[in-house]
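Residue numbers (this note's numbering): 480 to 643.
Positions of the beta carbon are idealized from the N, C-alpha and C atoms, including for glycine.
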């Protein structure tokens, strides 16, 4: 927990361009910069990746030391808004990579933060969006607030053919 984070800088090296008091967005995926994936610009595939809030302390700690390359000024947005950049960016990236077009039918499986972001960006492109999840409360939000075109609630899944 704590991988979606923003912060206020307490201390920073002068060369970083950051100063005490700056509101910042922290990229939680700390790539090594040296492996083959990083050298090819695919830092999300880093073989040595460390995720703040997963592999080490994240936003739920009082102080956090992060290399400056993973910290960006949150100019023009509140700290709460900055903390949402990660899942919004993932949803936007998914819609862009899928090349969603106006009039297409899109099924988004999962109505968590990333799924909701994908729904938002697919709707912005003019797609007919259906959200699917196990949680009726999330789907109700998608219908009433995000204005998706349809929702599907799925029940609990059971395994068949398991060896118990």
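Query: Spatial distance of residue 616 from residue 626 (CA atoms); Result: 14 Å
Query: Cβ separation of residue 505 and residue 549, assumed to be a contact under 8 Å, to the nearest whole Å; Result: 6 Å
Query: Helix, strand or coil at residue 602 according to DSSP, with G and I counted as helix; Result: helix
Query: Sufficient close CB pairs (3 or more, under 8 Å) joining the stretch 560-578 to the stretch 512-532; Result: no
Query: Nearest neighbour of residue 588, chosen from 614, 582 and 563 [CA to CA]; Result: 614
Query: Through-space distance from residue 601 to residue 497, alpha-carbon basis; Result: 35 Å
Query: Residue interval of the alpha helix (DSSP H) (run including residue 558); Result: 558-562
Query: C-alpha gap between residue 618 and residue 555, whole angstroms; Result: 31 Å
Query: Status (buried if at least 16 other CB within 10 Å, exposed otherwise) for residue 591; Result: exposed
Query: The stretch 521-532 contacting the stretch 486-502, beta-carbon criterion three pairs below 8 Å; Result: no
Query: For residue 572: DSSP bridge partner residues; Result: Note: residue 572 sits in no beta bridge, so no partner.
Query: Residues near residue 594 in its chain [Cβ-Cβ closer than 6 Å; skip 5 each side]; Result: 587
Query: Cα-Cα separation between residue 581 and residue 598, rounded to whole angstroms; Result: 13 Å
Query: Residue 609 - partner residues in DSSP beta bridges; Result: 586 and 629
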